[in-house]
Structures are given as C-alpha cells and as structure tokens.
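*Asks:* Chains as they are written, first to last, in the numbering used here: chain A, 7 to 400; chain B, 1146 to 1944.
Glycine included, each C-beta is placed from N, C-alpha and C at the ideal position.
Values in this document were obtained by computation on a predicted structure and should not be read as measured data.
One structure, as structure tokens, below. Some questions next.
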Amino acid sequence: MQPNNKAITRMAYGLVTVASLLVAGTVYGQSDGEVRTDFRYLPAVKTHWIERALLLDVARANGRLVAVGERGIIIHSDDDGRSWVQADVPVSVTLTAVNFPSPQMGWAVGHEGTILHSSDGGTSWSVQFTGQQVAEQEVSFAEAVIASKQEAMETADEFELEDLGFELEEAEYALDDATVAVEAGGTTNPLLDVWFADEKSGLAVGAYGLIFSTDDGGENWKIRSSDLDNLDKYHYYSIASADGQTIYVSGEAGMLFRSDDAGVTWIRLDSPYEGSLFGIVALSNGSAGRVISFGLRGNIFVSDDKGETWERRTTASQNTLMGGVISPGGKLVLVGRSGAVLSSDDAGETFSVVIREDRSSYSALIANPDENLVLVGEGGIHRAKPDGSAEEEE
Amino acid sequence: MKGPTKHHLTHPVEDVEPLIERLIFNNRVVLMVVLALVTLFLGYQASHIRPDASFEKMVPTSHPYIANFLKNRDDLASLGNSVRIVVETKKGDIFDKDFQEILQKINDEVFYIPGVDRSKLESLWSPNIRWSEVTEEGFRGGAVIPDGYDGSHESLENLRENVLKSGQIGRLVANNFKSTIVLAPLVDRDAETGEKLDYKELSQNLETLVRDKYGSDVVAIHIIGFAKIVGDLIHGANQVGIFFLIAFLTTMVLLYLYSRCLWSTAVPLLCSTIGVVWQLGLLNVLGFGIDPYSMLVPFLVFAIGVSHGVQMINSIRAKSLFGASPMASARLTFRQLYIPGLVALVSDGIGFLTLMVIEIPVIQELALTASLGVAVLILTNLILLPVLMSYTGVTKNSVQHMEKRKDNPSKVWEWFSGFTDMKRARVTLGIAVGLFVFGLYFGQGLKIGDLDPGAPELRADSRYNRDNAFLTANYSNSTDVFVVMVETPAQACGNYEAVAAVDRFQGEMEPVEGVQSVVSLVNVAKLVNTAMNEGSLKWAALSRNQFVLNSSLSRVPSILINTDCSMVPVLVFLEDHKADTLLRVVAAAEEFAATYNSPDATFVLAAGNSGVEAATNIVIAKAQYQMLAWVYGVVSLLCLITFRSLRAVLCIILPLALTSVLAQALMAAMGIGVKVATLPVIALGVGIGVDYGIYIYSRMLGFIKDGLKLTDAYFKTLQSTGVAVAFTGMTLAIGVGTWMFSPIKFQADMGLMLTFMFLWNMLGALILLPALARVLLEPAKIRQKSADELEQLVADSRK
Chain A
7 MQPNNKAITR MAYGLVTVAS LLVAGTVYGQ SDGEVRTDFR YLPAVKTHWI ERALLLDVAR
67 ANGRLVAVGE RGIIIHSDDD GRSWVQADVP VSVTLTAVNF PSPQMGWAVG HEGTILHSSD
127 GGTSWSVQFT GQQVAEQEVS FAEAVIASKQ EAMETADEFE LEDLGFELEE AEYALDDATV
187 AVEAGGTTNP LLDVWFADEK SGLAVGAYGL IFSTDDGGEN WKIRSSDLDN LDKYHYYSIA
247 SADGQTIYVS GEAGMLFRSD DAGVTWIRLD SPYEGSLFGI VALSNGSAGR VISFGLRGNI
307 FVSDDKGETW ERRTTASQNT LMGGVISPGG KLVLVGRSGA VLSSDDAGET FSVVIREDRS
367 SYSALIANPD ENLVLVGEGG IHRAKPDGSA EEEE
Chain B
1146 MKGPTKHHLT HPVEDVEPLI ERLIFNNRVV LMVVLALVTL FLGYQASHIR PDASFEKMVP
1206 TSHPYIANFL KNRDDLASLG NSVRIVVETK KGDIFDKDFQ EILQKINDEV FYIPGVDRSK
1266 LESLWSPNIR WSEVTEEGFR GGAVIPDGYD GSHESLENLR ENVLKSGQIG RLVANNFKST
1326 IVLAPLVDRD AETGEKLDYK ELSQNLETLV RDKYGSDVVA IHIIGFAKIV GDLIHGANQV
1386 GIFFLIAFLT TMVLLYLYSR CLWSTAVPLL CSTIGVVWQL GLLNVLGFGI DPYSMLVPFL
1446 VFAIGVSHGV QMINSIRAKS LFGASPMASA RLTFRQLYIP GLVALVSDGI GFLTLMVIEI
1506 PVIQELALTA SLGVAVLILT NLILLPVLMS YTGVTKNSVQ HMEKRKDNPS KVWEWFSGFT
1566 DMKRARVTLG IAVGLFVFGL YFGQGLKIGD LDPGAPELRA DSRYNRDNAF LTANYSNSTD
1626 VFVVMVETPA QACGNYEAVA AVDRFQGEME PVEGVQSVVS LVNVAKLVNT AMNEGSLKWA
1686 ALSRNQFVLN SSLSRVPSIL INTDCSMVPV LVFLEDHKAD TLLRVVAAAE EFAATYNSPD
1746 ATFVLAAGNS GVEAATNIVI AKAQYQMLAW VYGVVSLLCL ITFRSLRAVL CIILPLALTS
1806 VLAQALMAAM GIGVKVATLP VIALGVGIGV DYGIYIYSRM LGFIKDGLKL TDAYFKTLQS
1866 TGVAVAFTGM TLAIGVGTWM FSPIKFQADM GLMLTFMFLW NMLGALILLP ALARVLLEPA
1926 KIRQKSADEL EQLVADSRK
C-alpha cells in the first residue's frame, strides 16, 4: 500500500469509525434496562495452561521474569522461566508490553488504551489509565488544536489558510472520533509499548499515534501527540533507550524518532525503509551507542550515529522480526515469525539464524544471566539456548 | 399358584384341564398349519430386513442439548462429516518427489470417489489450499504447490516454504512434516441422483482405491472419519451372522449331549429358530430395521427359546420315564409348565419393556423388539414345542439315558441340595452378603460413558483406532469435539458484544482440564486483525470498533458462522471423551452460560460428537437407577402376583440383585462404562435371570405342597428343573458369549456382561435361592395353605 492510499484509507476508516461508534453509542445508551457485561473489565481468567496462551512481552524485575499477553494474562517466574505463577489482573484486555524500571515498580500496557501498574514486583496489578481517559485527553487535545488553528487562521495569509483549513478539518475529525469514543466507553486503540527511565518517568506508545508520558510514576499521564511529527497517525511500535536520556521510538511505515532530552523534545529521523519497524534496540556503549531497528520481512537496519543514517543488514531469514534483546553477555538476539531466532555476537554485523522446530511466532524475549533465552509468543513460554535452539529436555 | 401333578391325576383329566390346553391339543393340525403359514410369511419379511444405523436413534433426542443440536443441525452440517486420509511417508519428510507424486494421485483418486464434496476437497494438491504473507506492498499469496512444480529440489524447497506460510501445519500437514492429510468433506445426498450417502460403499472405496492401492512399505495410509467408523461397523456387523451360526451349532451339540435324543435336540432348536424368524419378520412388518444394538435380540430370543425348550423337554422325558405316551407327556408338561413359563416370559418381556424409560430411541427400540421376541416365544416354545413333541415323543435312547441317571443320581445334585441345610444356608448367605458389599464397594468405580480413546464403537486396537491415535499424536486438533452454539439476533453474530462474549468464553474454556484447544470465529478475527497489521502479534485481539471487527470477520469460513449470522459455533477440542472430561466441560460451559447469557449472545449446549456424548451420558446416568427400579419393581410385582408371597419374591429377586451389583463391579474393573450398549444389559440380565428363579421356585413349591421336606423338595427340583436351569444358563452364556469376539467394542462389552450375568444368575438360582428358602420359608405353613386351597378348589369343581 502506498502511503497516499493509506492516508485516504485511514480517512475512510475514520469516517466509518465515527458512524459505527455512533451506532454503538446509541446501543450503550439504550434504556431497555439490560445491563451488559463489559468483558474488557472483567478480571483476567486464571489459566494453568500458560504454555498455550499467547504472550506478547516479557521483562525482568530484578530476579523475576514478568510476561504479559492475551486476555489480561500476566505471569511471573522466580526461576528464570522454569515455573510460572499467574498474577491477579483486574482487566481482560490483551496486554502488549511490560516494563520494570526497578525491582518493585512495573507497568504493563495493552488494548483499549489500558495501562496497568504494579508496585510489588508484578504480583498484583491495578488499573492506572484507561481508554476512557485516553479518549478524554484526545478530546481536549483536539479542541486545543482546533482553537489554535482557528486562532492562527485569523492572522494567516491565503497560502497558509489553505493548509490550516485542511489541518482544522483533520482536527475536527479527530475531535469527532474522540468524542464518540468518550461516549462509547473509551478508545478502541491499543497501546503497544511502554518504557520507564526510572520509577517516575515513563512513556507509553500505541496505535494511531497514541503517545502518553508521565513524570510522577503514572499518577498523571499526559498526551504527547503534538510533540512527534506523525500527522498521518501511524502506529508507534517500540521504545528503546540505553541510558534513559537518549530515547528511540520506531513504528509503522518505517517511522523513527529520537529524543535527546529524556523525552521532552523529539526529532523524526530519516527512514531507510517504508515497511513497519516493529522493534528497536539500543546498545549501551556510550552516547554513540549503536541502534538496531528491525521489522517486516526480516529487515534489519543499524545506525552508529544515533539514527541519522542507517545501513541494512541481510540475513538468511526473511521472517518478520518482532522483538529483540541484548543479553548480559552482549549478544544481540532478535525473534520473529515462524520460529525465527537471529543471534549476533558482533552487535548486529552478522547474524546466525535458527528456525525453531515448533515454527511458532515469537513476539519478544529475554536473556537470563546464564545467557539462555526465554521466548514468548504463540504457544506461550519457550525456553531456548543462547542461540535460540531448543533446550534439551531436563 | 394352582397345585399341579398327582392330585389332578386322580381325577378325570377333563375336569381340571384348562380350556386352553384342550384348545391346543385337540386342534394340533390346524395349529401347526396356521403357525407354518405365519412362519412362511414372517420368514419372507425377515429376509427383507434392512440394516439401520441412523444417527438420531443413538442419541437422546429429547434431551435439550440434542434438541439444540438438531435445531441448528443444518448450520452445523459442514462441521462434522468428512473423511481425513493421512498419507504418511516412512522415510524422510513429505517434501520428496516420489511422495508428492503419490499424494497427487491420491488427491485425484479421492476427488472421484462418490460421496466426496469435490469443491471442498482439501490437500496440498487442491487449489483451495493457499499460502499468504504480508509484504510492504500488502498481501501476497498463491497455491501451495508452486507454479511450474517439477519435483526438482528447488521446487520442493519452494513447496516447503509455501507450506510454512500456509498456516496448515497441525491441520493438513503433520507437526513433524512426516505426513499430510487429504481432507474430503462428504455430501449427505448425491447432487445428481439425490441418493443418500452409502457409507458402506464409501468405506470400501476408501479401502480399495486408496489404502490398498497406495499403501506400501514407504507410504502408510490412515483413514479417519465418521463415515469410516460407520463403514467399519457395518463390516463388523456382518460377522454377527457367523456368531449366530456358532451359537446355534454349540447349542445343538450341547442339547444332544444333554438329551441323547434327536427329537429333543431338533424340536427346541426349530421352535427357537422359528421364534427368531418371527421376531425379525415382525420387525420388518412394523417398519423397523436392524442396528448394531438390536442385533443382540435374535441371540437373546434364540437363547431364551432354547432355555424354555429345555424345561419342556426335560419334563416330557420325565413323564415318558413313567411310561406316559408322547401325547400324554406333552400335555402333562404343558399343563405343568405353561404358568411358570408364561410368568417367566412375561417377566422377561416386561423387564425388557422397562428399558423404555431411557429416552434414547435405539434402546427403546431394543426394548420393543426384545419384548416382541419374547412374546413370540410364548407361541413357538410354550405351545408349538409341546405340540410337536406330542407327535415325536422322546427316543428310547434318551429315556434310558435318563433312567440310568435317575438310578444313579449325580453327587453334584446331592451337594447342591445341601444348600437347604440351615448351617450351610447361613454360611452361604453370609458369603452372599460379603459379595454384595464387595460389589457395592467396587461398583462405585463404575463410570458413565466411553472410557477408551478413539472411536468407542470399535476396539482400542482396531485399525481405525490406531489410525486415529496416529492423527491425534501428529496433528493439533483431536477428533473429540464439543460444540457450543452461540445464538444471537439475526445478522448480529459479528457484533462486538457477541464476539467479545465468545472470546471470554474461549478464555474460560481453555484452562478446563481435558480441553486441547478452542476454535471459533474469534480465532479467525484475531488472525485477520494480525494480518491487517502486517503480521504483528500484538494485534491478535478483537477490536471494539465494529467496522474493524467486521472487516476482520469477513474472512471467517462458512463453517464458523451460519448463513443469516444468527449462530456461531465454538469448537472445543478435547483430549479424550471420558465421562469426567465431558462433565467438566459441560459444567464450565453451563456456568458461563448462566453467568453471561444475554440477548446479544446466548450460549447453548451442545453439538459435536462430544456434545452428543455428554448429553447421552447425562441421560444414561439419570436413567440408570430409574431403570433398575423399574425392572426390579416390575419383576418383583409379577413374582408377587404369581406366588402371592413376599418371601417368594425375596427368594427369587435377591440372587438377581447380587448379580446386578457384581456386574457393576465387573464393569468398573474391566473399564466398561455405562453407556447406550451396556445399560440395557443390566435389564436384560435381570429379565432373563428371573426365569431360573421362577422355574426352580415353582417346582420346589410344588414338591413342598406335595408334602416333601425342603431339602428333598429341592433335591427333586434339582434333578428335573435344576438340570435344565444349569443347562440353559450355560447355553445362554454361550449364545451371547460369542459376541465377546465381535470387532465392535460395544457388542463385545454386551457379550461379556451378558455371559457373566447369565452364569451368575444361574449360580444364584441354584445356590442362593435354596439357602434363602431355608431361612425364609416355612414349609409346614405352605402345605397347610395349599391343602386349604385345594379343598376349596375341589369343592368348587364338584359343584
């Protein structure tokens, strides 16, 4: 799909979204006395079949591993992924990402604009931010944009006026969308990644340009849409930072962003690629650390100048890559669809490819202190040797 | 009962001779001609009987689950009826030139087999199996067999890539890449001819055109599917004819060894066979067919016929021993036995009829046909048999044989008569109580339903079940499917509220122990949503945005959504179909339905083979004790009416109860569950077992009334009726025992259970009954009462 076409399609989506949500809104507003179960906010189903659930991300909270996935599942392991315990989670929406900046404090994000928080190392979770709040902030944001555009139009010349007119129209559409979403129980869009520099400052990104930040441990999340150059509202997929100061965000249609001031201001980087970049990893050797971004159909790009220029790296695999990690020993490991595990001992110059026999698709991974890997994705937890190959039966 | 024997002989026969006896024996020729004509007619009918194994008959159609299933049956049709042909390579993997060549041939062969829905045939070589992937430009895809496939290494590698991208691993391609499936959905009726699918022919075609033709030392063929089970059942059922022949011949030999008389052998066999012919003929006249369950009935009818025949023969011989003419022997025998015979047969029949309380048509039909068969025996074996014997008599040889036996009574009978000794009676009863407790204790392990994996109709080691085990081991979806139907308003099955409920349902069902996987339109919606977002797993969720949801539902295959979008099935694949597994699944699903059912989405149980089985189990579990209560109630009542004594009822019923309890323990020990096939067996066992008791008790009572002490009365009973009982117990056991060799598992189970029950009932009647009689009966009182009655009778007849 060409970006242009995509923009048009999006507009169409937007229109119909408005229409369908209006319908949905009236349904919710019906006065037939029927109380409908909101399946989003039922507590997650407890399952002992962790190995079968779809898991989407895994993080380390000191000695503990915490993984999140479909239907509100959060599980944790204190023995490097051998055995897992399911946490109590108050929601059933699919959770897409998890991050622990300290052993106790952690955040998980997911569909329906949901942000969960744990202050006990992942044992218990509470709702910190909802799709309803996302939609409300989107309304105020759109209103602010409309106000500023209208103000600008008063003093604009003819040439500027045309552009502002378009922008105003866009903002009005966005306001309509957000207003309907508020009435219909919140945004329907997912958050797709979360990252915290410390127990206070964090960032959550998601679909259709969702981006929120906090500097008080998530008590207040603020919409940041205006700070990133993403007028087309593409999806943000991944956040990476080696030092908490320089932060990278990758996304749909090859989008790449960098902040040099811990997320206050953002620069859109020139992209080497027009496909989605599902993951980004920052190596921690100094301020000029290497950045690796990867995504659709096995595309890998590396940059040694903080994302200003990128070089393509090719491997034997064309499987879409979705998650990556740097092991304690410095090995770079990427995982993706259809059993693909790519590992590199030279920081992404060359990769050795392992296609695992189960051919599952993996979304993320983490490396244990002994360099062995824990992969998550379809079929839940998969333990693997450092190169991704299957562990021998114990 | 009316007092028989001696007393009557002192009076003119006509005085006390029942009208019916005169009617029969004064019109012997007319009777025989009429019966012969009826036999000819029914024999013709019997030869036209059709096999009949319709699905509806085997399920409890009145159970709400089944009603729900039948209501949605048309929408669910495409779910079930297909045949899976697994083609396995024994060297390397399926990406091999020779293997693919064979696979292609099999694909083409199956395509042309009548009954296969050609447009829906799926295999690596069918054009509808495609791969797809997401690229920067959008979706890309094609048939899995690459364009210009030539079997070269390169094109095989291409094929491998395509298969990986096709999403068919675990479904059409084994998880280990060593086998692949040709999936042939079947049509119910031929589109052109309108004829119903012929399972037998289809099954044979699959054997000859696929398995025999392409199976070799490098390629193995496994065939799985409901159609194949039915085919194998029909094939197996054909062997039943051989079992009948074996049972017939063994009975013949035993009869001869017992009677040493050609007539005494031929006449009971003839009469019993006529009974079977009538029974089968009547089935056809009444519009019934014969199914794998009711196939048991001819065996029962034959065996019961022989059993009564032997009683008759035995009595006739005894009369001949005293020098009575064939005619007199036959008449006296008839007079003496027609009441106990009638009572016994009527209790059999009514015992069988109690099976009607189980609301499963196949069992109700079995009840009806068995009762019919027993009713027929009243004519053929209680009437025709003595009439025939009144012509033939018994041979001298036979009488001599009996005389020898009489002069030299077997030590065995003396020993058996010892059970009327008070001391031994008490010990016996003590042991019986012990066995009762033992049976009750071990009977607790009795399970409802089918316990073995695979198709429960067939033996665990049958080819079909080995094929099935191969499929289960190498592919992701089992063959035990429990289907929950989610009903929504029309055109609303894709609404977020409905789909979200289905998603939650799946989430709650997946952790249930015994559930392998759960599939519905939700899986497809999530898959499509993922694909729409370039394959990112993070999008594997339902969107509450109805427009997005609709587009992700647009690719849902027709089997997962009905035509007017008012019902979506949720397929719960199970690891097995054990009763406990089914109970857990049912409980979880019912609980969900009770909590979350709404106008948007109503969860309704249950379809799929496991849903049907769950309903059947529920019905059977409920009917089990109900049926026992009925059968015992009815049989007890009949005994009470006949003997007008509660003690008599206890003497006859308690041994049967012990057998029933032990039979349940045996079932638990053998891993045989209570199911459609084995539930009737308990009623049949009681129904037939009661015969022994009635014959022995009535005979013994007669001797007591004649003034004999209990021990002597029983000893004399043993010599006459007892021999016959022992003999019939054995004959019956052999008759149904042959079933143990049936390739059809439930027939073998029925055979085993019936054999056990017949033998135990026999022992119970011979051992427990006299012991109970010793403890419960008061011979002196009986004699007094009998004498009073007789006086009254004589006074009446003198008037």
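Within the continuous alpha helix (DSSP H) that includes Thr1747/B, where are the two ends?
*Replies:* Here Thr1747/B belongs to no alpha helix (DSSP H); instead the beta strand (DSSP E) covers 1747-1752.
*Asks:* Alpha carbons only, please: which of Arg58/A, Ile332/A, Ala268/A, Ile361/A is nearest the one belonging to Thr407/A?
*Replies:* An answer regarding residue 407/A cannot be provided, because it is not within the stretch 7 to 400 covered by chain A.
*Asks:* Within this structure, are the beta carbons of Leu1347/B and Gly1426/B separated by less than 7 Å?
*Replies:* No. Outside cutoff.
*Asks:* Taking the alpha helix (DSSP H) that Phe1170/B falls in, what are its first and last residues?
*Replies:* 1164-1170 is the span of the alpha helix (DSSP H), which, as asked, contains Phe1170/B.
*Asks:* I'd like to know if Trp55/A contacts chain B, where contact means its C-beta is closer than 7 Å to some C-beta of that chain.
*Replies:* Judged by the 7 Å Cβ criterion, Trp55/A is in contact with chain B.
*Asks:* Under the DSSP definition of a beta bridge, which residues are partnered with Arg1275/B?
*Replies:* The partner list for Arg1275/B (beta bridge, DSSP) reads Ala1288/B.
*Asks:* If Gly212/A and Leu234/A are in contact, beta carbons under 8 Å, what's the gap, nearest whole angstrom?
*Replies:* With 8 Å as the limit, Gly212/A and Leu234/A do not qualify as a contact, their Cβ atoms being about 12 Å apart.
*Asks:* Can we say the region 1815-1831 of chain B touches the region 1518-1528 of chain B, given the rule of at least three CB pairs closer than 8 Å?
*Replies:* Counting Cβ pairs under 8 Å, fewer than three are found: no touch.
*Asks:* Please go through the region 1319-1355 of chain B and give each complete beta strand (DSSP E) segment of 3 or more residues, from N-terminal end onward.
*Replies:* The region 1319-1355 of chain B contains these whole beta strand (DSSP E) runs: 1324-1330.
*Asks:* Is there contact here, the region 1401-1416 of chain B with the region 1451-1470 of chain B, by at least three beta-carbon pairs under 8 Å?
*Replies:* In short, these stretches touch, since the Cβ pair count reaches three.
*Asks:* Taking the C-alpha atoms as reference points, what is the distance between Asp1362/B and Val1355/B?
*Replies:* Near 15 Å, if we compare the C-alpha coordinates of Val1355/B and Asp1362/B.
*Asks:* Measuring CB to CB, does Val287/A end up less than 7 Å from Ile298/A?
*Replies:* In this structure, Ile298/A lies closer than 7 Å to Val287/A by Cβ.
*Asks:* Pull the bridge partners of His82/A from the DSSP assignment, please.
*Replies:* Looking at the DSSP assignment, His82/A forms a beta bridge with Val72/A, Val91/A.
*Asks:* When the cut-off is 7 Å and only beta carbons count, does Val51/A lie next to chain B?
*Replies:* Yes, contact with chain B.
*Asks:* Based on DSSP bridge pairs, tell me the residues matched to Ala65/A.
*Replies:* In DSSP, Ala65/A forms a bridge with Val72/A.
*Asks:* When the Cα atoms are used, what is the spatial distance from Ile152/A to Ala187/A?
*Replies:* If I take the Cα positions, the gap works out to 18 Å.
*Asks:* Could you tell me the boundaries of the alpha helix (DSSP H) in which Ser1535/B lies?
*Replies:* First-last of the alpha helix (DSSP H) with Ser1535/B: 1530-1537.
*Asks:* Does Ala1676/B come out as helix, strand or coil in the three-state DSSP assignment?
*Replies:* Helix, per DSSP.
*Asks:* So, with DSSP's three-state summary, where would you put Val1701/B?
*Replies:* Coil.
*Asks:* Quick one: residues in its chain with C-beta nearer than 7 Å to the C-beta of Trp1905/B, no 5 flanking neighbours on either side, listed in chain order?
*Replies:* Closer than 7 Å at the Cβ level, and outside the excluded window around Trp1905/B, lie Thr1804, Leu1807.
*Asks:* Do you know how far the Cα of Ala1893/B is from the Cα of Ala1605/B?
*Replies:* Roughly 12 Å separates the two Cα atoms.
*Asks:* I need the straight-line Cα distance from Leu275/A to Val347/A, nearest angstrom please.
*Replies:* If you take the alpha carbons of Leu275/A and Val347/A, they lie about 28 Å apart.
*Asks:* Within a Cβ cutoff of 7 Å, which residues of the same chain sit near Gly1852/B, ignoring the five residues on either side of it in sequence?
*Replies:* Closer than 7 Å at Cβ, skipping near neighbours: Arg1928.
*Asks:* Who are the near neighbours of Thr1537/B in its chain, counting only those whose CB is closer than 8 Å to its CB and skipping five residues on each side?
*Replies:* Taken in chain order, the residues that qualify are Trp1408, Val1412, Pro1471.
*Asks:* DSSP on Leu1185/B, reduced to helix/strand/coil?
*Replies:* Here Leu1185/B sits in helix by DSSP.
*Asks:* Can you say whether Thr32/A is buried or exposed, counting buried as having 16 or more other CB atoms within 10 angstroms of its CB?
*Replies:* Residue placement at Thr32/A is poorly supported in this model, since its pLDDT is 35, which falls under 50; the coordinates still yield a value, given next. So Thr32/A ends up on the exposed side.
*Asks:* Considering only residues of the same chain and omitting the five flanking positions on each side of Ser1492/B, which have a CB-CB separation below 6 Å?
*Replies:* For Ser1492/B, where only same-chain residues beyond five positions count, the Cβ hits under 6 Å are Val1780, Leu1783, Val1835.
*Asks:* Give the interface partners of Gly385/A over in chain B, defined as CB-CB distance under 8 Å, in chain order.
*Replies:* Within 8 Å Cβ-Cβ: nothing; Gly385/A doesn't reach chain B, min ~11 Å.
*Asks:* Hey, would you say Ala1577/B sits closer than 7 Å to Leu1913/B, going by beta carbons?
*Replies:* The answer is yes: Cβ separation under 7 Å.
*Asks:* Could you pull the start and end residues of the alpha helix (DSSP H) that Glu160/A belongs to?
*Replies:* Glu160/A -> alpha helix (DSSP H) spans 137-161.
*Asks:* List the residues of chain C that Pro1656/B touches, going by C-beta distances under 8 Å, in chain order.
*Replies:* Here the protein chains are A and B, and chain C is not one of them.
*Asks:* Counting only beta-carbon separations shorter than 7 Å, does Gly1680/B have a partner in chain A?
*Replies:* With 7 Å as the cut-off, Gly1680/B counts as an interface residue toward chain A.
*Asks:* Quick one, which residues of the region 1641-1665 of chain B are near chain A if we go by CB-CB under 8 Å, in chain order?
*Replies:* Under the 8 Å Cβ criterion, the region 1641-1665 of chain B contributes Tyr1641, Glu1642, Ala1645, Ala1646, Asp1648, Arg1649, Gly1652, Glu1653, Glu1655, Pro1656, Ser1662.
*Asks:* Checking 7 Å against the spacing of the C-beta atoms, do Val1289/B and Val1308/B come in under that value?
*Replies:* In this structure, Val1308/B lies closer than 7 Å to Val1289/B by Cβ.
*Asks:* Measure the beta-carbon distance from Ala1774/B to Tyr1210/B and round it to whole angstroms, keeping in mind my assumption that it falls under 8 Å.
*Replies:* Not quite, the Cβ-Cβ distance comes to about 25 Å (not below 8 Å), so this is no contact.
*Asks:* Per DSSP, what are the beta-bridge partners of Asp199/A in this structure?
*Replies:* In the DSSP output, where bridge partners are listed per residue, Asp199/A has Val211/A.
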